[in-house]
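K.L.:
A single structure is presented below for examination.
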Amino acid sequence: MSNAATPPGQEPRAPADESAGHGARHRALAAVRRRLGTARDGLRAAGPSLREASATFVPPTGAAEPLLAQAPKRWMRRLPYVIVLGFAAVLVPVTAQVLGSDYGVNDGLSGALGFAQAAPLLLAVSRPLLAWWIIFPANLIGAIAVLNDGAGRPSPFTAMAIVGYVVLCLALSLRETRRTVIGVWLATAVMSLVLAAPEASSDSQDTSVLMIVLSGAALLLGTLLRERGETRRRLVEQETISEAERARRTLLEERARIARELHDVVAHHMTVISVQADSAPYRLADVSDDVRGEFESIAVGARDSLSEMRRLLQVLRSEDTQDERAPQPGLDKLRQLVEATRRGGVPVELSLPEPTLVKEWAKVSPAVDLSAYRIVQEALSNVVRHAPGAPTQVSLSTDGRHLTVLVVNGPGAKPVSGLESSGTGHGLVGMGERVRLVGGSLDVGPLPDGGFRVAARLPVAEPPSPAEEPMPEPISEPISAEQSAQQSAKEPGPP
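All the letters of the sequence shown, read from the start, carry residue numbers 1 to 495 under full-length UniProt numbering.
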């Protein structure tokens, strides 16, 4: 017998029906939990990709450039279109359905408002301000349309209108200026407050404050992201300018260093000319007065040229640069250079031309002699820094007109820390400048086996003028370290 009385005209509820109702509710709640769990897992899985897109976001620069147009990956560039298309596809029919069924708006007006409030989101990717000029009056008309029939319902803005407008505000703030963003938010606040006044005494659920808060939050978030992207872009531009300036400064420093080194070579020849011209009248018999005057003129010109060159050289010398008083090295010092590199832990093999061709080195100009030595020195220094322990082959060959310097190393025998392996490429800049000044050609680059190659082709004598002979072509055919070793093995070793 039941303790509670059953109201007249109502059938008593059976315990089985109550159990069935509880079971249905539990199943519904379980289904909702599963959907929420699936959505949560999806957000977690997409989290790294979304963070990557946010980290690489750069504000658009063109008038109609889409959002994320400068993203490095294709899916990032298409992501804004996918998002707004999804919102528009959902909001257009849902807005028309809610306005017609819940607020009593006629079918034609509800369909037009649903389209006008959501479809322009497709423009928000490239022209968000134009989309705002369409959606803003559509929201105003829609809010006026639901004022009379919004009792007990969200009013004056439906939930769909708020969602679409927030998405629009986010897209707009990602590319418009701060003044435009403030103007949009003020217009939204004025519209919301004016439409909220008639609803003050009704029992409707006022959504005007919600519209003001959410639109302001979206505008603020987008503005912060845009300014962060602009700051990152300015930093990248500044780093690019700084790197170019560093390369230019290094090139100028290398030119000054080359000039200081060549000073000793030129000074030696000018001094010899001056001494020979001064002593010629005493060493030679029967020197006429005219010839004696010519020798004196030559000696004076040599001394004046030497003095002028020394004065000009002072411009190239900085206050903290010590004068290099030791004789400049040349090809005759290559053996000592290779031995010093071997003691540093790098197995270096030196291959020189045949003894019958070594005499051709006497024809090498002092500038080429010094440049060839410096190129080998810089190449071996790069091996020590970036590929310690790598087998290295240094070979020199000449055909009587050109001197070919080839330095090939394999991959490093032991790993190098990031600080040691990071280079600026300024050593290669110096090589290129030296080769250019003597009229040669330079080819550098990595090898397929992980090694590196430096190949320089220098004229033995003074470089010809462009009218006499064209510049030698650079060595561009890639070779491996094994091929270089085989080529050098055919040549006899050092005498």
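Glycine included, every Cβ here is placed at the ideal spot set by N, Cα and C.
If K333 sits next to Y282, beta carbons under 8 angstroms apart, how far is it from one beta carbon to the other, in whole angstroms?
P.N.:
Incorrect: roughly 36 angstroms between the Cβ atoms, too far for contact.
K.L.:
Flag this pair as touching only if the segment 343-352 and the segment 388-397 have three or more C-beta atom pairs under 8 angstroms; answer yes or no.
P.N.:
Verdict: yes, contact present.
K.L.:
What is the DSSP secondary structure of A340, reduced to helix, strand or coil?
P.N.:
Three-state DSSP puts A340 in a helix.
K.L.:
On the DSSP letters alone, give me the boundaries of the alpha helix (DSSP H) that V194 sits inside.
P.N.:
It spans 178-196 - the alpha helix (DSSP H) in which V194 sits, taken as one unbroken run.
K.L.:
Between the C-alpha atoms of G142 and V92, what's the straight-line distance to the nearest angstrom?
P.N.:
Distance between the alpha carbons of G142 and V92 is about 13 angstroms.
K.L.:
Between I375 and the rest of its own chain, which residues show a CB-CB distance below 6 angstroms, the 5 nearest in sequence each way excluded?
P.N.:
Answer for I375: V405, M431, A456, listed in chain order.
K.L.:
Is the beta carbon of L370 less than 8 angstroms from the beta carbon of V460?
P.N.:
Cβ distance not < 8 angstroms, so L370 and V460 don't count as in contact.
K.L.:
L174 by DSSP, collapsed to three states: which one?
P.N.:
The answer is coil: DSSP assigns L174 none of H, G, I, E or B.
K.L.:
In terms of residues, what are the limits of the beta strand (DSSP E) holding S140?
P.N.:
Sequence inspection shows Leu at residue 140; the Ser mentioned does not correspond to that position. Where L140 is concerned, there is no enclosing beta strand (DSSP E), although the alpha helix (DSSP H) it sits in stretches over 128-146.
K.L.:
Can you tell me the Cβ-Cβ gap for P156 and T207, rounded? I've got them flagged as a contact below 8 angstroms.
P.N.:
The pair is a contact, with the Cβ atoms about 7 angstroms apart (cut-off 8 angstroms).
K.L.:
Give every residue of the same chain whose Cβ lies closer than 6 angstroms to the Cβ of G451, excluding the five residues on either side of it in the sequence, and list them in chain order.
P.N.:
Only N409, G410, P411, A481 meet the Cβ criterion.
K.L.:
Contact between the segment 169-182 and the segment 106-117: three or more CB pairs below 8 angstroms?
P.N.:
At 8 angstroms Cβ cutoff, the stretches do not touch.
K.L.:
So, with DSSP's three-state summary, where would you put F452?
P.N.:
Looking at F452 - three-state DSSP - the assignment turns out to be strand.
K.L.:
My understanding is that I134 touches A116, with C-beta atoms under 8 angstroms, so please give their C-beta distance in whole angstroms.
P.N.:
About 6 angstroms; that satisfies the 8 angstroms criterion.
K.L.:
Exposed or buried, which one is E254 when buried takes at least 16 other CB atoms within 10 Å?
P.N.:
Counting Cβ neighbours within 10 Å, E254 comes out buried, since at least 16 surround it.
K.L.:
What is the DSSP secondary structure of P120, reduced to helix, strand or coil?
P.N.:
Three-state result, P120: helix.
K.L.:
In terms of residue numbering, what span does the alpha helix (DSSP H) encompassing S371 cover?
P.N.:
Where S371 is concerned, the enclosing alpha helix (DSSP H) stretches over 366-386.
K.L.:
Could you spell out where the beta strand (DSSP E) holding S397 opens and where it closes?
P.N.:
First-last of the beta strand (DSSP E) with S397: 392-398.
K.L.:
Give the DSSP-derived three-state secondary structure of A63 in the structure shown.
P.N.:
In this prediction, A63 has a pLDDT of 48, which is less than 50 and means its spatial position is unreliable; nothing more can be read from the coordinates.
K.L.:
Using a Cβ-Cβ cut-off of 7 angstroms (strictly less than) and excluding sequence neighbours within five positions of A302, which residues of its own chain qualify?
P.N.:
Cβ within range, chain order: M270, I273, S274, A277.
K.L.:
So, are the CB atoms of A367 and V438 less than 8 angstroms apart?
P.N.:
Cβ atoms of A367 and V438: closer than 8 angstroms.
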